[in-house]
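Peer 1: In UniProt numbering, the protein residues as written are 1 to 654.
There's a structure below that I have some questions on.
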């Protein structure tokens, strides 16, 4: 990719954007007044750019190794924040006729990419630091302050505690054979141990693949096998689900909440091990997180997020003199969204650690418990998703003053309408409510509400914010890939150091998502208005969003056609007031079959997590497909929207 951010310089006034690389900074030992925290030592060779996300620099290896400044020229058109598009000037040439000049200008416009940037200035990003060192870089100033508060037990861990316990977790994992380049599966609900294990694995140069403990055994086994998990860290509710995989692969299972037959106990391992005294040497481009996402289509794939990706993403949000997401050391964050989801991991845990906030961890969402925790701890920042916003807005158990301490409500993972916003704000009148926009592959945050900035901007209802700092965004025609200007809906594309390295062991899917110029194609349709605010209007991608969770149709279709009484199947989304979208199935029965809707629902429910269950079944004698056999989901969704059956024999038993 060709990120235009510090330490590079930018020139918006000619044909090109010039990026200047410099030799890597001199690394210094990490210093702490309370604990010994030596950082990983990064290679000091010139920066390596992942070819999945970076442009090819046009200089020789000899030039690169010299440390001399090199430049890269990229034809582009920059849209300066809050200004009309500027068009690259034509090359110096003799003055021609007005018609010739107009034609040349039109050609320049057509050839140029219209690029949008943040209203906030770019910042210095400490890309040389590993993720865990970056998160604890300010440890001396916060070491005795509360860091993680267990909402279930009331236990309080200070920043010094969390730093030390992450080293103990690293030592425990190392004792199980985990080392650089290995993968640890973190199969946990929200709890302090989630953070200890994630940060501990990072210290070893290992990656963490996060997964929902309520997945079925089939779903867990598939992800653990695909990721190559060397250890599984889990809890009582999921221990039985992993036994088969663990026995088959010889993978140790570690439980965080007690001793179980055939499992190791995390606390015992941590107590027995000497805390890690030195982190493993890692490169900023080493993978540190491996969440699974279905991308724009297909089955779940491992998203390789590097130390550089996540450091950049968190910095884009909370660093700088006027951070886009203003957290102070006095803020108390509520962590109710699942940490196995990248939104919560990135924008709550990691951003909160970097900012020095106290983080109150809720194991699961329950409206009464949420109100009690907000009151007890004076929660000031609450990251939510629309289903939680709706529950608060409609619940008679939430009074006008119950959540009065909250000053900021961040909503992400799914769009939220104006009516819902208004009903919610009646319950929390003192809070600023804003939306963000992201996807796992983007690191994950693409855009954020500027009302959250330290020096806030006015924002519009329905907007998901403006593009984050140190990144570029453009809108393209999904059919022609031509760049579009303001107020023209098209596919949203993002470029920056925060985006993924690629999909694990899937170069084809990576190539289909990140183009040769480093632009990540989101599959979402939206536009940028005259004030640089982004609005989402549609989705190209097939993924169904149930309460913010991803439901890949291809996964359900692959499962459905394994049933002997199902000849063919197609799964699409259907609008739902509470969930946003629900999966529905179109089924062609096998000859002679009389399988019912309930039988199909039960068959699927046994194999998938609750949010992937089929909501409705429609029986039909044909499924629309293109000549290559691809299901025409847009046709099915369109027919659902207007109530037209797919064929004369279509029926639902609901």
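Using N, Cα and C, we set each Cβ at its ideal position, and we do this for glycine too.
Please name the residue in 187, 532, 217, 228 whose C-alpha comes closest to that of residue 206.
Peer 2: 228
Peer 1: Would the beta-carbon of residue 303 fall within 8 Å of that of residue 441?
Peer 2: Their beta carbons are under 8 Å apart, which means residue 303 touches residue 441 by this criterion.
Peer 1: Are the C-beta of residue 174 and some C-beta of chain C separated by less than 8 Å?
Peer 2: In the displayed structure, chain C is absent; only one protein chain is listed.
Peer 1: Could you say which of 610, 616, 151 lies nearest to residue 361 if we only look at CA atoms?
Peer 2: 151
Peer 1: Three or more beta-carbon pairs under 8 Å between the stretch 139 to 148 and the stretch 548 to 568, yes or no?
Peer 2: Short answer: they don't touch.
Peer 1: Can you give me the Cβ contacts of residue 353 inside the same chain, cut-off strictly under 6 Å, excluding the 5 residues immediately before and after it?
Peer 2: Here the set comprises 135.
Peer 1: Does the distance from the CB of residue 584 to the CB of residue 614 come in under 8 Å?
Peer 2: yes
Peer 1: Since residue 245 is in the alpha helix (DSSP H), which residue starts that stretch and which ends it?
Peer 2: If you look at residue 245, you'll find it in the alpha helix (DSSP H) that goes 236 to 249.
Peer 1: Which of helix, strand or coil does DSSP assign to residue 516?
Peer 2: coil
Peer 1: Can you give me the start and stop residues for the alpha helix (DSSP H) that residue 197 sits inside?
Peer 2: 192 to 203
Peer 1: Could you pull the start and end residues of the alpha helix (DSSP H) that residue 326 belongs to?
Peer 2: Looking at the DSSP string, residue 326 is not in any alpha helix (DSSP H), and its letter there is neither H nor E.
Peer 1: So who's on the other strand from residue 408, going by DSSP bridges?
Peer 2: Answer is 381, 432.
Peer 1: So, helix, strand or coil for residue 579, using DSSP?
Peer 2: coil
Peer 1: Looking only at DSSP bridge pairs, what is residue 158 linked to?
Peer 2: Looking at the DSSP output, residue 158 bridges to 146.
Peer 1: How should residue 96 be labelled, buried or exposed, when 16 other C-beta atoms within 10 angstroms of its C-beta is the threshold for buried?
Peer 2: Bear in mind that a pLDDT of 42 at residue 96, under 50, signals an unreliable position, so the number given afterwards is only what the model happens to contain. Exposed, by the Cβ-count rule.
Peer 1: Counting only runs that start and end within the stretch 264 to 294, where is the beta strand (DSSP E) found for 3 or more residues in a row?
Peer 2: 287 to 289
Peer 1: Between residue 253 and residue 234, what straight-line distance do the alpha-carbon atoms span, to the nearest angstrom?
Peer 2: The straight-line gap from Cα to Cα measures roughly 7 Å.
Peer 1: Does the Cβ of residue 610 have 16 or more other Cβ atoms within 10 Å, making it buried, or fewer, making it exposed?
Peer 2: Residue 610 is exposed by the Cβ-count criterion.
Peer 1: Would you identify the three-state DSSP class for residue 454, choosing helix, strand or coil?
Peer 2: coil
Peer 1: Are the stretch 341 to 359 and the stretch 323 to 332 touching, with three or more C-beta to C-beta distances below 8 Å?
Peer 2: As far as the Cβ criterion goes, the stretch 341 to 359 touches the stretch 323 to 332, which means the pair count is three or higher.
Peer 1: Does the Cβ of residue 430 have 16 or more other Cβ atoms within 10 Å, making it buried, or fewer, making it exposed?
Peer 2: exposed
Peer 1: Can you tell which of 294, 448, 287 has the C-alpha that lies nearest to the C-alpha of residue 509?
Peer 2: 294
Peer 1: Which first and last residues belong to the alpha helix (DSSP H) in which residue 352 is found?
Peer 2: 351 to 355
Peer 1: Between the alpha carbons of residue 651 and residue 619, how many angstroms are there, rounded?
Peer 2: Below a pLDDT of 50, predicted positions are generally treated as unreliable, and residue 651, at 44, falls in that range; no measurement from the model is reported.
Peer 1: Give me, in chain order, the residues of the same chain whose beta-carbon lies closer than 6 Å to that of residue 210; leave out the 5 immediate sequence neighbours on both sides.
Peer 2: 186, 291, 340
Peer 1: Name the two residues that bound the continuous beta strand (DSSP E) containing residue 729.
Peer 2: Look at the range of the chain in this structure, 1 to 654, and you will see that residue 729 is not part of it.
Peer 1: May I ask whether a heavy atom of the ligand PLP can be found less than 7 Å away from the beta carbon of residue 213?
Peer 2: The model depicted lacks the ligand PLP and carries no ligand whatsoever.
Peer 1: Counting along the chain, where does the beta strand (DSSP E) carrying residue 505 start and finish?
Peer 2: Careful: residue 505 lies outside any beta strand (DSSP E) and carries neither H nor E.
Peer 1: Check whether the stretch 244 to 264 touches the stretch 514 to 533, taking contact to mean three or more Cβ pairs, one atom from each stretch, closer than 8 Å.
Peer 2: no
Peer 1: Please return the same chain residues whose Cβ sits closer than 6 Å to the Cβ of residue 461, not counting the five positions on each side in sequence.
Peer 2: Excluding residues within five positions, the ones whose Cβ falls inside 6 Å are 418.
Peer 1: Among residues of its own chain, excluding the 5 on either side of residue 127, which ones have a beta-carbon nearer than 8 Å to its beta-carbon?
Peer 2: Taking C-beta separations shorter than 8 Å and ignoring five residues to either side along the sequence, the partners of residue 127 in its chain run 284, 308, 311, 312, 497, following chain order.
Peer 1: In the DSSP assignment, what residue or residues form a beta bridge with residue 441?
Peer 2: DSSP, once it has assigned bridges, lists no residue as partnering residue 441.
Peer 1: Which residues does DSSP list as the beta-bridge partners of residue 570?
Peer 2: 586
Peer 1: Should residue 537 be labelled buried (16 or more other beta-carbon atoms within 10 Å of its own) or exposed?
Peer 2: exposed
Peer 1: Report the rounded CA-to-CA distance for residue 130 versus residue 199, giving the unit in angstroms.
Peer 2: 11 Å
Peer 1: Can you tell me whether residue 230 is helix, strand or coil according to DSSP?
Peer 2: strand
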